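Trainee: Dropping the structure in here first, questions after.
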Amino acid sequence: MTDPAPASSPASSSAPAPAHFANYQNEIYLHGLEDRVPPFTTDGTALGASARAHLDAGAFGYLAGSAGSGATHRANREAFDRHRLVPRMLTDATHRDLRTTVLGTPMPAPVLLAPLGVQSIVHPDAEPATARAAASLGLTMTLSTASSHTLEDVAEATSEGSADAAGASRWFQLYWPNDDEVCASILGRARRAGYTTLVVTLDTWTLAWRPQDLDRAYLPFIRGVGTAIPFSDPAFRAGLAKPPEEDLAAAVLRWVPMFTGTDRSWDRLPFLREHWDGPIVLKGIQHPDDARRAADAGMDGIVVSNHGGRQVDGAMASLDALPGAVRALEGTGVEVLFDSGIRTGADVLKALALGARAVLVGRPFAYGLAHGGEDGVRHVLRSLLADLDLTLGLTGHRTPDELTPGDLHLR
């Protein structure tokens, strides 16, 4: 485990002044005086249906689809519905501060962008547009190995979008290649490009049975989409008879088996520590024993996640797995993050109340990208943050750190 950062507080001098995210609500209503309305819905639960008209059937199915019957995807949302917030009154929550620090990274709110690959199937501006939108709000984007653009280009876009380049935080998600030389090369590039935290996805070592994609024989990777990072990597290119620009099929046939089809074991984690000197987070943890093993292995954080229901049909809801993981890691210093199913500010509060340090949001921002590129992503993120800010206050809290399981009622 890397040396932990000092315990954070909302008033930490390392963080900028608190953002007043709730002001987006006022901005929208004031625009109404000029007969101007938001570009698309502000309802996080309706974004998917709204975005469908902007995507072809294959792209929408890939983005919105899930494993098997969709039972896990549904369970994620049902779990949020079972957990109900219990508002408190007269708590002087007028002035709120959402700032926090996650794995040493100061953040304006406990919200990050989850790794989401192949964004070029959603909008031609793809990951750079998402990076600029996130950076403009001070939010951290986690770049997927399956990016449509190189990690260097997305790092540059992050700096372009941020008013303060020093605050343009970058995290990198790894689909762990089974070729150690290629893996080390990609990790080295990420560190040189300024990515500070490594998020290692464990639950996608092979693709699940996804009928929405299978019925259309739709997989972006076999078309060379979402391969910009490996195809630009010198170690990967050195193993090809011809560069990808000259023989795409051969490059695809080498890469796809390299990042899928090979499971890992706990004794392989030291390889990552050898090649990454920043915090390492394991994504896809659902069992308390796996959370404890992550701590024993010296990992810095975990993401309690079922990949948005895209991997194991019939798995438990990610929110239901969260309390057990939190209890398993008490006193270890390992930080617990959460994803799978976040759509609203209330959802964020529920995950935080159950012990998550922060949450990662995936599909919602991609739906925003489909609607309007960078501006669409920004609208979705501003809406979520405003909802979070307002709901935090309306439940009687001034900071996320005040939330506890006692703020929830389980139906």
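The opening residue of the sequence shown carries number 9 in the working numbering; numbering runs sequentially from there.
Ideal placement from N, C-alpha and C gives every residue a C-beta, glycine not left out.
All figures in this text were calculated on a predicted structure; none of them were measured in a lab.
Taking residue 194 as part of the alpha helix (DSSP H), name the residues at either end of that continuous run.
Mentor: Counting along the chain, the alpha helix (DSSP H) containing residue 194 begins and ends at 188-200.
Trainee: Mind reading off the beta-carbon distance from residue 163 to residue 201? Whole number of angstroms is fine, and I expect it under 8 angstroms.
Mentor: Correct: roughly 4 angstroms between the Cβ atoms.
Trainee: Is the beta carbon of residue 256 sitting closer than 7 angstroms to the one on residue 234?
Mentor: No, these two residues do not count as a Cβ contact at 7 angstroms.
Trainee: Hey, out of 410, 375 and 382, whose CA is closest to residue 49's CA?
Mentor: Closest by alpha carbon: 375.
Trainee: In angstroms with no decimal places, state the Cα-to-Cα distance between residue 17 and residue 343.
Mentor: Low confidence applies to residue 17: its pLDDT is 44, below 50, so where it sits in the model is not reliable enough to give any reading.
Trainee: Does the separation of the CB atoms of residue 134 and residue 156 fall below 7 angstroms?
Mentor: Cβ distance < 7 angstroms, so residue 134 and residue 156 count as in contact.
Trainee: With H, G and I counted as helix, E and B as strand and the rest as coil, what does DSSP make of residue 251?
Mentor: Residue 251 falls in the coil class under three-state DSSP.
Trainee: Just how far apart, CA to CA, sit residue 81 and residue 325?
Mentor: Each residue's alpha carbon lies about 8 angstroms from the other.
Trainee: Note down, in chain order, each residue of its chain lying with its Cβ closer than 7 angstroms to the Cβ of residue 270, except the 5 sequence neighbours on either side.
Mentor: So the qualifying residues of the chain are 186 and 213.
Trainee: Pairs of beta-carbons, one from the stretch 179-198 and one from the stretch 88-100, closer than 8 angstroms: are there three or more?
Mentor: Touching, no.
Trainee: If you draw a straight line from the alpha carbon of residue 398 to that of residue 191, how long is it in whole angstroms?
Mentor: Answer to the nearest angstrom: the Cα atoms are 43 angstroms apart.
Trainee: As a quick exercise: from 305, 287, 330 and 411, pick the residue whose alpha carbon is nearest that of residue 181.
Mentor: Residue 287 is the option with its Cα nearest to residue 181.
Trainee: Name the DSSP bridge partner or partners of residue 343?
Mentor: In DSSP, residue 343 forms a bridge with 309.
Trainee: I'd like the list of long-range same chain contacts for residue 204, defined as Cβ closer than 6 angstroms, with 5 residues on each side in sequence excluded.
Mentor: If we look at residue 204 and ignore the five residues flanking it on each side, its Cβ neighbours are 286.
Trainee: To which residues of the same chain is residue 21 closer than 8 angstroms at the C-beta, ignoring the five residues directly before and after it?
Mentor: Because the pLDDT at residue 21 is just 38, under 50, the model does not fix this residue reliably, and the point stays unresolved.
Trainee: Here's the rule I'm using: 16 or more other beta-carbon atoms within 10 Å means buried, otherwise exposed. How should residue 31 be labelled?
Mentor: Exposed.
Trainee: Mapping the DSSP letters down to three states, classify residue 431 as helix, strand or coil.
Mentor: No answer is possible for residue 431: the residues shown for the chain start at 9 and end at 419.
Trainee: Would you say residue 217 and residue 238 are within 7 angstroms of each other, going by their C-beta atoms?
Mentor: No. Outside cutoff.
Trainee: Using the Cα positions of residue 97 and residue 63, report the straight-line distance between them to the nearest angstrom.
Mentor: The alpha-carbon atoms of residue 97 and residue 63 are separated by roughly 44 angstroms.
Trainee: Since residue 386 contacts residue 144 with CB under 8 angstroms, what's their CB separation in whole angstroms?
Mentor: Indeed they touch by this definition, with Cβ atoms about 6 angstroms apart.
Trainee: So, helix, strand or coil for residue 180, using DSSP?
Mentor: Reduced to three states, the DSSP call for residue 180 is strand.
Trainee: Give me the Cα-Cα distance between residue 100 and residue 85, rounded to the nearest whole angstrom.
Mentor: Between residue 100 and residue 85, the C-alpha separation is close to 31 angstroms.
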